[in-house]
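Undergrad: Below you'll find the structure I mean.
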Amino acid sequence: ACLHTATVVGPFLGLLLASFCAELFVDIGSVGADEITITATDARWVGAWWLGILICALLNLLVAIPFWFLPKSLVKEGETNEPEETSEKSVAPLQENDKNETKQTIQAVFIKHHTNSWHYFVTDFIPFLKALFHNPVYMLFICITVLQFSAFDGMISFMPKYLEQQFGKSASDAIFLIGVYNLPVLCVGYFSGGLFMKKFKINVYQAANIAFWVSLLEYLLYFAAFW
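The sequence shown lines up with residues 1 to 227 when you count with the UniProt record's numbering.
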């Protein structure tokens, strides 16, 4: 519950940023405020969508800077810091071998691999795939993921325009309302679901069944909103 709640913080801040950028005209900086004759509620209004991309790109760059100072290879606990020396010693004998023999070996391995690839596919992959399809928890999880992503994508794609057309909201207000009213409910759902499983000691199979039916109900409610 805590991990899933932490993942909601990012979309919440992203929707707030999108709401702020949607209030600004697309040509901000090159067009004065007095020259803009339309408001944010007008259908012709285009927000500064590019500003959010620049802000997110700058934040990603700042977050990535500490990773540039990490070493190329990390020494495991109990080992000496000699990864480069050992790798150079192991590579040196390979460079002394005849190139023709190496090429012939690679070609032989390549031919053998492609000859036996269909055999491995039939004997290993198909039984493994069959076992996955007979795993009820895995199949329920796949169905839950499809339902949740379908409902979430539908909400993100069409709900802002629906609020604009039906309730006369601007694009920034619609995005803000989606972030404020939906994401906190997700956080409450994650915590209440975790407490529910802990209190009643629900196993994995029971949790997958409950999640499937709740996700199906959620999908039908979202679908009914656009009927």
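Each residue gets a CB set at the ideal place from its N, CA and C atoms; glycine is no exception.
With three or more beta-carbon pairs closer than 8 angstroms as the criterion, would you say the stretch 140 to 151 touches the stretch 11 to 25?
TA: No: fewer than three Cβ pairs fall under 8 angstroms.
Undergrad: To the nearest angstrom, how far is the alpha carbon of phenylalanine 133 from that of phenylalanine 141?
TA: Translated into the one-based positions of the sequence shown, residue 133 becomes position 133. Translated into the one-based positions of the sequence shown, residue 141 becomes position 141. Straight-line Cα distance between these residues: approximately 11 angstroms.
Undergrad: Can glycine 47 and serine 172 be called in contact, C-beta distance under 9 angstroms?
TA: Against the sequence shown, residue 47 aligns to sequence position 47. Against the sequence shown, residue 172 aligns to sequence position 172. Contact flag set, yes.
Undergrad: Would you please state the rounded distance, in angstroms, between the beta carbons of proline 160 and alanine 151? I believe it to be under 8 angstroms.
TA: Numbered from 1 along the sequence shown, position 160 holds the residue referred to as residue 160. Numbered from 1 along the sequence shown, position 151 holds the residue referred to as residue 151. With 8 angstroms as the limit, proline 160 and alanine 151 do not qualify as a contact, their Cβ atoms being about 15 angstroms apart.
Undergrad: Please say whether leucine 183 and valine 8 have beta carbons closer to each other than 9 angstroms?
TA: Numbered from 1 along the sequence shown, position 8 holds the residue referred to as residue 8. Numbered from 1 along the sequence shown, position 183 holds the residue referred to as residue 183. Contact: yes.
Undergrad: Return the chain-ordered list of same chain residues with a C-beta closer than 8 angstroms to the C-beta of leucine 70, the five sequence neighbours on each side being excluded.
TA: Locating residue 70 in the sequence shown gives position 70, where the first residue counts as 1. Answer for leucine 70: no residue qualifies.
Undergrad: Just the Cα atoms here: how many angstroms apart are proline 83 and tyrosine 219?
TA: Along the sequence shown, read from residue 1 onward, the residue named residue 83 stands at position 83. Along the sequence shown, read from residue 1 onward, the residue named residue 219 stands at position 219. With a pLDDT of 47 at proline 83, under the threshold of 50, the modelled position of this residue cannot be trusted, and the question is left open.
Undergrad: Check glycine 28 in the structure and name its three-state DSSP category.
TA: Along the sequence shown, one-based indexing puts residue 28 at 28. One point to set straight first is that residue 28 is isoleucine, not glycine, in the sequence displayed. In the structure shown, isoleucine 28 sits in a strand (DSSP, three-state: E or B).
Undergrad: Kindly list the residues whose CB is nearer than 8 angstroms to the CB of lysine 130, restricted to its own chain and excluding five residues on each side of it in sequence; keep chain order.
TA: Here residue 130 refers to the residue found at position 130 when the sequence shown is read from its first residue. So no residue of the chain qualifies.
Undergrad: Beta-carbon within less than 7 angstroms of proline 11's beta-carbon, same chain only, minus the 5 sequence neighbours each way: which residues are those?
TA: Locating residue 11 in the sequence shown gives position 11, where the first residue counts as 1. Answer for proline 11: Leu183, listed in chain order.
Undergrad: List the endpoints of the continuous alpha helix (DSSP H) containing asparagine 209.
TA: The sequence position of residue 209 within the sequence shown is 209, counting from 1. That run of the alpha helix (DSSP H) goes 204 to 225.
Undergrad: To which residues does DSSP link glycine 47 through a beta bridge?
TA: As a first step, residue 47 is located in the sequence shown; it is residue number 47 there, counting from the start. Answer by DSSP bridge pairing, in chain order: Phe25.
Undergrad: Helix, strand or coil: which one does DSSP assign to aspartate 153?
TA: Within the sequence shown, the letter at position 153 stands for residue 153. Note: aspartate 153 maps to helix in three-state DSSP.
Undergrad: Expressed to the nearest angstrom, what Euclidean distance is found between the alpha-carbon atoms of leucine 221 and leucine 61?
TA: By one-based count along the sequence shown, residue 221 stands at place 221. By one-based count along the sequence shown, residue 61 stands at place 61. Roughly 39 angstroms separates the two Cα atoms.
Undergrad: If you draw a straight line from the C-alpha of glutamate 35 to the C-alpha of valine 185, how long is it?
TA: Taking the sequence shown and counting its residues from 1, one reaches residue 35 at position 35. Taking the sequence shown and counting its residues from 1, one reaches residue 185 at position 185. Cα to Cα, glutamate 35 sits roughly 41 angstroms from valine 185.
Undergrad: Of the residues Pro136, Leu15 and Phe67, which one's Cα is nearest the Cα of phenylalanine 212?
TA: Taking the first residue of the sequence shown as 1, we reach residue 212 at position 212. For the residues Pro136, Leu15 and Phe67, the minimum Cα distance to phenylalanine 212 belongs to Pro136.
Undergrad: May I have the straight-line CA-CA distance separating phenylalanine 176 from alanine 224, to the nearest angstrom?
TA: Counting from one through the sequence shown, the residue named residue 176 turns up at place 176. Counting from one through the sequence shown, the residue named residue 224 turns up at place 224. Phenylalanine 176 and alanine 224: Cα-Cα distance of roughly 22 angstroms.
Undergrad: Leaving out the 5 sequence neighbours to the left and right, which residues in its chain are closer than 8 angstroms to serine 170 when beta-carbon positions are compared?
TA: Translated into the one-based positions of the sequence shown, residue 170 becomes position 170. If we look at serine 170 and ignore the five residues flanking it on each side, its Cβ neighbours are Ala22, Glu23, Thr39, Ala40, Thr41, Trp45 and Glu164.
Undergrad: Assign aspartate 173 to one of three DSSP states: helix, strand, or coil.
TA: To locate residue 173, count along the sequence shown from 1; it is residue 173. Note: aspartate 173 maps to helix in three-state DSSP.
Undergrad: Give me, in chain order, the residues of the same chain whose beta-carbon lies closer than 8 angstroms to that of valine 188; leave out the 5 immediate sequence neighbours on both sides.
TA: Position 188 of the sequence shown, counted from the first residue, corresponds to residue 188. Excluding sequence neighbours, valine 188 sits near nothing in its chain.
Undergrad: Going by DSSP in three states, leucine 74 sits in which element: helix, strand or coil?
TA: By one-based count along the sequence shown, residue 74 stands at place 74. Coil.
Undergrad: As a quick exercise: from Gly193, Lys201, Asn203 and Phe200, pick the residue whose alpha carbon is nearest that of serine 215.
TA: Residue mapping note: residue 215 aligns to position 215 of the sequence shown, counting from 1. Of the candidates Gly193, Lys201, Asn203 and Phe200, the one whose C-alpha sits nearest the C-alpha of serine 215 is Gly193.
Undergrad: Indicate whether serine 19 and glycine 179 have their beta-carbon atoms separated by less than 9 angstroms.
TA: Taking the first residue of the sequence shown as 1, we reach residue 19 at position 19. Taking the first residue of the sequence shown as 1, we reach residue 179 at position 179. Contact flag set, yes.
Undergrad: Can you tell me whether leucine 15 is buried or exposed? The criterion is at least 16 other CB atoms within 10 Å of its CB, across all chains shown.
TA: Position 15 of the sequence shown holds residue 15. Classification of leucine 15: buried, given that the 10 Å Cβ count is 16 or more.
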